[in-house]
Amino acid sequence: MGVVKRLFSEGYRVFFLAGCLFALLAMLVWEVWLAAQAQGGGLDLPMAWPANLWHGHEMIIGYAGATLGGFLLTSASGLTGPSGLPRRFIAVVFGLWLLGRVAVWNAALLPATLVALADLSYLPVLATKIALQLVARPKLQQALLLAIVALVWTSNLSFHLEGFGLLTDGASRGVRGALLAHSAMLLIIGGRLVPGFTRNAMMQAGQEQGHPQNPAALAVLSIAPGLALVPAVLAGAPAGAIAALALMAGGAALVRLLFWRGWWAWSRPILWTLHMAFLLNGLGLVAFGMAAVGVGDELAALHLIGIGGIGGITISILTRLTLGLTGRPLVAPWPVAVAYALIPLAALIRFAASTWPEIYYPASLAAGALWLLAFGLVLVALAPVFLGPRLARAPVLRQPGDKAAQIRRDGTKA
């Protein structure tokens with residue numbers, strides 16, 4: 001099989017590879033712009049929005065959107081049987097994602113309507129295909145994921161509607177809404193994968209007792225306000241309401257984490273990185289809630305969620321899925337293990353940059369440099385895996401918490 005055919009044979013290959021490349025390119029542009037600002041200069045780019053909004057939009061809709069596509073297409077391929085999704089469909093969906101990026105990066109040179117249509121076309125096509133496939137096998141978690149996609153798309157719509165004069169502060173709210181929608185997805189997916197993978201690893205290590213617990217009540221107390229936070233932010237709800245939702249979602253997430261035996265995972269990078277991402281997402285939500293009522297800085301909180309939570313969980317899942325689905329051992333190569341440590345460090349440094357304005361530029365640039373190094377390491381380690389053939393047929397892999405599901409690492413049913 002040729003490299004191009006293989007790249008589009010499975011959704012995770014092209015979208016995870018593109019996500020890593022885009023994470024590097026978008027952050028590099030932001031670093032150059034930020035460095036110019038630090039020197040008192042400027043950088044003339046064809047953006048239709050302030051640079052900070054463009055940066056936030058592209059890291060969330062662009063980078064996180066690519067990893068979301070890879071994850072959802074991988075989930076969908078498990079429902080379609082051994083043949084998986086057609087290459088043509090994967091190529092079309094990827095083309096729509098790429099079209100949106102080209103349009104947004106050249107928005108000042110194009111009609112606003114064209115930019116909006118290009119940027120808003122990707123998620124509906126992706127979601128519709130998956131929704132049709134899930135009709136035969138409905139699951140609550142899959143329905144929640146489709147709700148997340150709808151929230152991300154609605155937030156992106158808000159981002160574009162301000163340019164038509166239809167919304168006030170729509171772009172800023174849209175960026176925040178999209179980020180918080182991905183944060184809610186972390187509460188849902190992470191709430192299943194983190195304890196599930198930890199339990200599996202403990203059993204494989206011969207530890208039959210003391211497994212992670214996942215109380216359903218705590219899950220509801222975290223996920224429900226996490227989902228409600230997105231429309232509240234988009235609608236400009238009172239600060240007190242936003243604070244209550246964020247504090248409840250983040251606080252319950254942190255309590256959930258106490259039940260998941262995170263201390264057991266510290267010797268396993270591919271496992272502890274999941275715990276760390278969930279931790280930083282929870283802390284970020286708490287900080288966001290406090291900032292809503294004037295305690296702390298909102299941008300610091302958003303970057304804790306965005307870099308530490310979303311950046312952490314996406315880099316964790318894309319590496320784990322890629323290794324597993326290509327028949328490789330679920331052990332992080334050393335460059336990937338280093339990247340796992342760099343992402344939370346970048347999040348903490350960026351949090352400090354907004355908390356203490358006197359170090360804003362050097363700390364922000366340092367955080368961006370760590371992000372670039374992390375994704376550079378991941379790309380070096382995994383690019384041959386994205387482009388190369390799958391290894392020998394992988395053993396059956398049970399999804400955490402799903403006793404009935406038997407799915408091989410290559411996505412086919414056992």
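With the first letter of the sequence shown counted as 1, position 288 gets the number 288 in full-length UniProt numbering; the numbers rise by one all the way through.
Cβ atoms here follow ideal geometry from the backbone N, Cα and C, with glycine treated the same way.
Are residue i and residue j touching if we call contact CB-CB under 9 Å?
i    : j    : result
V233 : R176 : yes
W260 : N214 : yes
A249 : S222 : yes
P352 : A363 : Here residue 352 is Ala; the residue named in the question, Pro, does not match the sequence. Cβ atoms of A352 and A363: closer than 9 Å.
L180 : L145 : no
L247 : G289 : yes
A103 : A127 : no
L85  : E10  : yes
Within the same chain, show all residues whose beta-carbon is closer than 7 Å to that of residue i, passing over the 5 residues directly before and after it, in chain order.
i    : result
A392 : G327
R320 : I270, L330
D297 : A291, S354, T355
A91  : F8
V32  : L43
C20  : F375, V378, L379
V338 : L377
P344 : M276, L280, G308, G312
P212 : P195, T198, R199, F259, W260, R261
In this structure, does DSSP put residue i in helix, strand or coil?
i    : result
E58  : helix
S222 : helix
W49  : coil
Q207 : coil
F8   : coil
T273 : helix
V378 : helix
A108 : helix
T128 : helix
A136 : coil
G70  : helix
G2   : coil
L43  : coil
T326 : coil
P362 : helix
G165 : coil
V331 : coil
Tell me which residue opens and which closes the alpha helix (DSSP H) that residue i is part of.
i    : result
T198 : 191–204
F94  : 87–105
S183 : 170–185
H160 : 140–161
Y63  : Premise fails: Y63 is in no alpha helix (DSSP H) and is neither H nor E.
V115 : 112–120
Q37  : 11–38
T355 : 334–355
Give every residue of the same chain whose Cβ lies closer than 8 Å to the Cβ of residue i, excluding the five residues on either side of it in the sequence, and list them in chain order.
i    : result
G190 : L274, A277, F278, N281, I313
L120 : G100, W153, N156, L157, H160
P335 : L377, V378, V380, A381
L372 : L24, M27, L28, E31
V125 : V92, V93, L96
Who are the Cβ neighbours of residue i in its own chain at under 6 Å, not counting the five residues just before and after it?
i    : result
A38  : Y361
G163 : A112
N106 : P46
M185 : I148
I60  : A178, L179
L109 : P46
Using a Cβ-Cβ distance under 9 Å, would residue i count as near chain C?
i    : result
H211 : This model lacks chain C altogether, as it is built from one protein chain only.
Under the criterion of a Cβ to heavy atom distance below 8 Å, does residue i qualify as lining the ligand GTP?
i    : result
P124 : In the structure shown, the ligand GTP is absent, as is every other ligand, since no ligand is present at all.
- Query: Which runs of the alpha helix (DSSP H) fall wholly inside the stretch 280–319 and span at least 4 residues, in chain order?
  - Reply: Here the runs fully enclosed are 298–303.
- Item | Ordered list of alpha helix (DSSP H) runs contained in the stretch 224–268, each at least 4 residues | Those alpha helix (DSSP H) runs which fall completely within the stretch 224–268 and span 4+ residues are 239–258.
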